[in-house]
Amino acid sequence: MSEVLLSVHKINKQFGPTTALRDVDFTLCRGEVHGLIGENGSGKSTLTSIIAGIRGADSGEMFKEGNPYKPASVVEAQNLGVAMIVQEMGTAPDILVAENIFLGKEKRYSRFGLVSKKALNKAAADALGKIGAGAIPAGAPTFKLNPEDRKLVELAKAMYEEPDVLIIDETTTALSNDGRKLLYNAVEKMQSEDKGVIFISHDLEELMSVCTIMTVLRDGDIIGTLTKDEFDESVIKSMMVGRELTGNYYRNDYDGVRGEEAVLRAEHLTGAEMVEDVSFELHAGEILGFGGLANGGIHELGRLLFGIDSAIVGSVTLADGTHIKDASTAVKNHMGYVSKNRDEEAIMLNASIRNNVVLPSLSKLVKGGLVAGGREKALTDKAICSLEVKCQSMEQLTRYLSGGNKQKVVFGKWLGNDSEILILDCPTRGVDVGVKQSMYRLMYDLKLSGCAIVLISEELAELIGMSDRLYILKNGKINGEFARSPELTEQDVIHAMI
Amino acid sequence: MARFKQKLSGLLPVIGLLVVFAIFTAAGGSKFLSGRNLNLILNQSFTVMVVAIGVTMIHAHGGIDFSVGAVLALSEMLAALAYKQTGAPVVLIVVTVLVAVICGLITGMITVKLRIPPFISSLCMQFACRGIVNTVLQARSIGVTEIKEPGLGVKLPVLIGLAVIVFCILEFTKIGKYNKAIGENIKAAKSSGVNVDIYRIAAYLICGVAIGIAAYFDLLRNGVMSTNVGYGLEMRVIIAVVLGGLSLSGGYTATMKSAVVGSLLIIIIINGLTIVGVPNTYTGIIQGIIFLFVILFTYKRDRLGLLPR
Chain A
23 MSEVLLSVHK
33 INKQFGPTTA
43 LRDVDFTLCR
53 GEVHGLIGEN
63 GSGKSTLTSI
73 IAGIRGADSG
83 EMFKEGNPYK
93 PASVVEAQNL
103 GVAMIVQEMG
113 TAPDILVAEN
123 IFLGKEKRYS
133 RFGLVSKKAL
143 NKAAADALGK
153 IGAGAIPAGA
163 PTFKLNPEDR
173 KLVELAKAMY
183 EEPDVLIIDE
193 TTTALSNDGR
203 KLLYNAVEKM
213 QSEDKGVIFI
223 SHDLEELMSV
233 CTIMTVLRDG
243 DIIGTLTKDE
253 FDESVIKSMM
263 VGRELTGNYY
273 RNDYDGVRGE
283 EAVLRAEHLT
293 GAEMVEDVSF
303 ELHAGEILGF
313 GGLANGGIHE
323 LGRLLFGIDS
333 AIVGSVTLAD
343 GTHIKDASTA
353 VKNHMGYVSK
363 NRDEEAIMLN
373 ASIRNNVVLP
383 SLSKLVKGGL
393 VAGGREKALT
403 DKAICSLEVK
413 CQSMEQLTRY
423 LSGGNKQKVV
433 FGKWLGNDSE
443 ILILDCPTRG
453 VDVGVKQSMY
463 RLMYDLKLSG
473 CAIVLISEEL
483 AELIGMSDRL
493 YILKNGKING
503 EFARSPELTE
513 QDVIHAMI
Chain B
316 MARFKQKLSG
326 LLPVIGLLVV
336 FAIFTAAGGS
346 KFLSGRNLNL
356 ILNQSFTVMV
366 VAIGVTMIHA
376 HGGIDFSVGA
386 VLALSEMLAA
396 LAYKQTGAPV
406 VLIVVTVLVA
416 VICGLITGMI
426 TVKLRIPPFI
436 SSLCMQFACR
446 GIVNTVLQAR
456 SIGVTEIKEP
466 GLGVKLPVLI
476 GLAVIVFCIL
486 EFTKIGKYNK
496 AIGENIKAAK
506 SSGVNVDIYR
516 IAAYLICGVA
526 IGIAAYFDLL
536 RNGVMSTNVG
546 YGLEMRVIIA
556 VVLGGLSLSG
566 GYTATMKSAV
576 VGSLLIIIII
586 NGLTIVGVPN
596 TYTGIIQGII
606 FLFVILFTYK
616 RDRLGLLPR
């Protein structure tokens with residue numbers, strides 16, 4: 023056993039009536055890449071945010087290299103050698119990349135109270151270069167970067183301080199394969215220097231390959247810690263959920279049956295960015311998968327299909343000839359869209375579950391010009407029950423729900439509107455195994471009931487596991503079509519992607 | 316605990332109203348509580364309240380309207396001119412409402428279709444309306460003294476009726492619900508199928524009707540139309556709704572209660588200060604300070620911008 027770098031002893035944390043952490047003990051040794059895994063709301067982020075000084079614990083102690091450690095702020099934690107990359111966007115959009123990297127530390131590059139932009143930019147370029155992201159312009163305004171590059175800026179910022187402990191909270195979901203490689207390189211570097219990494223991810227496969235040790239949390243309790251040779255997917259999953267996960271994760275049939283009728287037709291669809299000359303037919307009772315690299319045009323395609331962005335060339339038409347020209351038309355014709363960016367585009371965080379769920383269905387609920395509260399409640403009740411949304415009441419603000427439950431609310435919107443065509447863009451992004459499985463079941467049930475689904479995803483396993491047909495987009499064009507088959511492997515599909 | 320807090324913050328404006336009332340009752344005594352003064356408070360609150368009720372629709376979607384005072388003046392002036400021409404009293408209400416609705420339509424169209432921030436477009440509207448009024452009137456004033464001012468017996472039912480109607484629009488119709496959804500998250504509203512342009516313009520039209528009604532009664536109360544009509548009304552209305560608990564970033568905090576309670580609060584504060592002997596010139600400063608503090612306490616810190624879109 024190597025030297026203990028950081029230890030946490032009997033940490034407790036309450037959020038109102040919810041216990042986020044209960045008497046948690048956790049140890050990070052030198053040279054460890056320590057994975058934290060658990061369902062949404064299990065306490066992973068709470069634990070790491072306490073270690074990183076973002077919030078304080080209600081009780082308990084922490085030690086770093088044997089000395090009492092109690093950071094009052096993120097900056098103090100950083101000075102003590104603990105840096106964290108948060109799950110949310112941790113960069114300020116309106117300032118330069120370089121300013122983000124050295125936020126609060128500009129003094130080093132200032133003379134007579136004036137910050138030298140040149141020195142700052144140079145140091146920032148250096149910091150970016152160190153993690154292999156030298157292509158990101160240090161002098162650019164941060165909002166001009168895509169979410170992936172902004173994450174890498176955070177990584178550069180964390181690594182530049184040469185921390186002893188690096189905490190990575192659910193960062194890989196925002197990264198493409200290239201970005202992930204940079205992150206893994208940083209992790210390896212930390213490991214080779216005998217420092218410690220705490221790694222949070224929903225992607226079990228990733229954790230199993232990256233981590234040397236893994237701790238499972240559930241409802242604020244530590245369930246157990248496994249060393250690398252004990253890693254086993256089904257064991258970890260049942261530890262997370264607290265019960266055996268039975269049956270196939272995805273679906274068992276391979277006949278790829280679909281309805282006769284084409285319910286949606288895309289013809290020569292070309293968007294302002296990325297999507298180029300995409301044509302296909304979507305049938306009733308079909309799950310049509312779209313895969314590809316994050317910047318391959320799959321997300322843009324989803325927006326075009328639903329009319330959020332308008333096509334430059336080509337069209338999206340329904341079976342009855344309706345032309346989808348904007349999102350209102352789409353919703354009127356019983357289409358639904360689950361956005362990749364849930365909190366920004368799909369949900370109203372400061373509104374109740376009820377107000378969120380009924381929003382697309384209001385036209386249906388109106389009687390004599392007025393929307394009756396009773397009908398709203400009935401619709402919401404149905405959605406909450408059928409999707410098993412964990413909440414206090416339908417009047418609870420959605421911001422207090424966990425990620426998986428927020429996503430269920432988004433699904434509830436479209437089920438409530440009796441959607442017949444669903445465009446799902448990364449519907450299981452950032453949700454835990456339990457919710458994931460119930461979403462797959464839901465998609466399958468919807469398919470069986472005749473609903474047509476476009477499933478856009480960056481997870482190949484999910485696409486292969488769920489789709490009746492699978493298209494791969496590369497640089498905005500369709501670069502491969504695969505029929506459902508038990509023999510189809512990720513290897514086959516990856517060829518079409520790169 | 317969180318729920319209790321949520322409830323408490325909803326009740327805060329009402330508690331504030333009671334506290335302010337109690338303070339001025341104690342300080343001003345019989346002078347403040349006299350029938351004449353209470354009557355005055357109601358009359359003074361009327362214009363602010365009617366306009367605040369209308370403007371709540373715009374605040375719901377995260378908009379703001381700096382033109383209400385100038386629009387009020389323009390509609391009063393045109394109504395007075397039309398009345399001088401025709402001599403028919405009914406012309407007054409028709410013209411005030413019509414003019415205010417047209418102004419609302421223009422501001423709304425500019426804001427929504429040209430994608431100009433509402434505080435800019437409504438400021439332009441303010442300048443334009445004030446400009447027309449000043450050009451036409453010069454230093455003159457138009458008297459409409461032949462028609463007797465309607466008493467509280469007419470005004471109170473009008474006020475209550477308008478409040479109930481807008482309350483229903485806000486809480487039970489698509490217009491109200493969509494506007495609040497737009498204020499909460501315009502992208503989510505759009506992707507839920509809401510035609511955000513049309514519903515935002517609808518809010519401006521409803522606000523226009525309210526301004527028109529306020530203009531009609533304001534004209535009859537003054538009996539004369541001059542260039543200083545409606546001066547500073549926009550700020551008083553914004554302070555009122557914010558004092559009432561509405562968030563300037565829009566969303567589900569937009570309620571009828573915030574318009575009604577907030578208007579009473581601001582007028583009682585102004586009136587009370589005058590009664591206890593604070594010079595008129597100071598009340599502006601005090602309003603500014605109150606505004607700043609309320610904004611500090613109410614605006615959602617997790618949002619990036621303080622000003623509405």
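Residue numbers (the working numbering), protein chains in the order written: chain A, 23 to 520; chain B, 316 to 624.
All C-beta atoms in this analysis are idealised placements derived from N, C-alpha and C, irrespective of residue type, glycine included.
Query: Classify residue 515 of chain A as buried or exposed, calling it buried when 16 or more other Cβ atoms lie within 10 Å of its own Cβ.; Result: buried
Query: Under 8 Å, with one C-beta from each stretch per pair, do the region 276-283 of chain A and the region 456-463 of chain A reach the 3-pair mark?; Result: no
Query: So with CB distances below 9 Å, who are the chain B contacts of residue 438 of chain A?; Result: The contacting residues do not exist; residue 438 of chain A stays about 11 Å from chain B at best.
Query: Mind pulling the chain A residues with CB within less than 8 Å of residue 506 of chain B?; Result: 328, 330, 349, 359, 361, 367 and 368
Query: Take the Cβ of residue 384 of chain B as the centre, count every other Cβ of all protein chains shown within 10 Å, and call the residue buried at 16 or more, exposed below.; Result: buried
Query: Could you check whether the region 512-530 of chain B touches the region 364-384 of chain B, counting it as contact only if at least three pairs of C-beta atoms, one from each stretch, sit closer than 8 Å?; Result: yes
Query: Let me know the secondary structure DSSP gives residue 357 of chain A once reduced to three states.; Result: strand
Query: Using a Cβ cut-off of 8 Å (strictly closer), state whether residue 373 of chain A contacts chain D.; Result: Absent here is chain D; the protein component of the structure consists of chains A and B.
Query: Where does residue 51 of chain A sit, in a helix, a strand or coil, going by DSSP?; Result: strand
Query: Given a limit of 8 Å on CB to CB distance, which residues of the region 500-525 of chain B reach chain A?; Result: 500, 502, 503, 504, 505, 506, 507, 508, 509 and 510
Query: Report the residues of the region 421-443 of chain B with a CB closer than 8 Å to any CB of chain A, ordered along the chain.; Result: none
Query: With burial defined as no fewer than 16 other Cβ atoms inside 10 Å of the residue's Cβ, what is the status of residue 530 of chain B: buried or exposed?; Result: buried
Query: Return the bridge partner residues of residue 31 of chain A from the DSSP annotation.; Result: A/83
Query: So the candidates are B/568, B/465 and B/558; which of them puts its Cα closest to the Cα of residue 534 of chain B?; Result: B/465
Query: Between the Cα of residue 36 of chain A and those of A/72, A/329, A/56 and A/58, spot the shortest distance and give me the residue it belongs to.; Result: A/72
Query: Could you tell me if residue 407 of chain A is buried or exposed, where buried requires 16 or more neighbouring beta carbons within 10 angstroms of its beta carbon?; Result: exposed
Query: Tell me the DSSP secondary structure of residue 469 of chain B in three-state form.; Result: helix
Query: Grab me the residues of residue 297 of chain A's own chain with a C-beta within less than 7 Å of its C-beta, minus the 5 sequence neighbours each way, in chain order.; Result: 291, 319, 322, 323, 326 and 498
Query: List the residues that DSSP assigns as beta-bridge partners of residue 340 of chain A.; Result: A/286
Query: Would you please verify whether the beta carbon of residue 620 of chain B is less than 8 Å from any beta carbon of chain A?; Result: Low confidence applies to residue 620 of chain B: its pLDDT is 39, below 50, so where it sits in the model is not reliable enough to give any reading.
Query: Going by the beta-carbon positions, is the gap between residue 289 of chain A and residue 337 of chain A smaller than 8 Å?; Result: yes
Query: By DSSP's criteria, residue 445 of chain A is part of a beta bridge. Which residues make up the other side?; Result: A/359 and A/476
Query: Under 8 Å: do the region 561-576 of chain B and the region 396-405 of chain B share three or more Cβ pairs, one atom per stretch?; Result: no
Query: Within the same chain, show all residues whose beta-carbon is closer than 7 Å to that of residue 388 of chain A, passing over the 5 residues directly before and after it, in chain order.; Result: none
Query: Can you find the residues in the same chain that come closer than 7 Å, C-beta to C-beta, to residue 97 of chain A, ignoring five residues on each side of it along the sequence?; Result: 126
Query: With C-beta atoms as the reference, is residue 571 of chain B less than 8 Å away from residue 391 of chain B?; Result: no
Query: Going by C-alpha to C-alpha distance, which of B/424, B/587, B/601 and B/604 sits closest to residue 335 of chain B?; Result: B/587
Query: Between the beta-carbon of residue 284 of chain A and the beta-carbon of residue 368 of chain A, is there less than 8 Å?; Result: no
Query: Chain A partners of residue 268 of chain B, CB-CB under 9 Å?; Result: Lying before the first or after the last residue shown, residue 268 of chain B is absent from chain B, which here runs from 316 to 624.
Query: Is DSSP giving residue 376 of chain B helix, strand or coil here?; Result: coil
Query: To the nearest angstrom, how far is the alpha carbon of residue 465 of chain A from that of residue 491 of chain A?; Result: 14 Å
Query: Could you confirm whether any beta carbon from chain A is found closer than 8 Å to the beta carbon of residue 377 of chain B?; Result: no
Query: Using a C-beta to C-beta distance shorter than 9 Å, which residues of chain A count as neighbours of residue 492 of chain B?; Result: 377, 380, 381, 384 and 393
Query: DSSP state of residue 297 of chain A, grouped into three classes?; Result: coil
Query: With residue 384 of chain B as the anchor, note down where its alpha helix (DSSP H) starts and where it stops.; Result: 383-401
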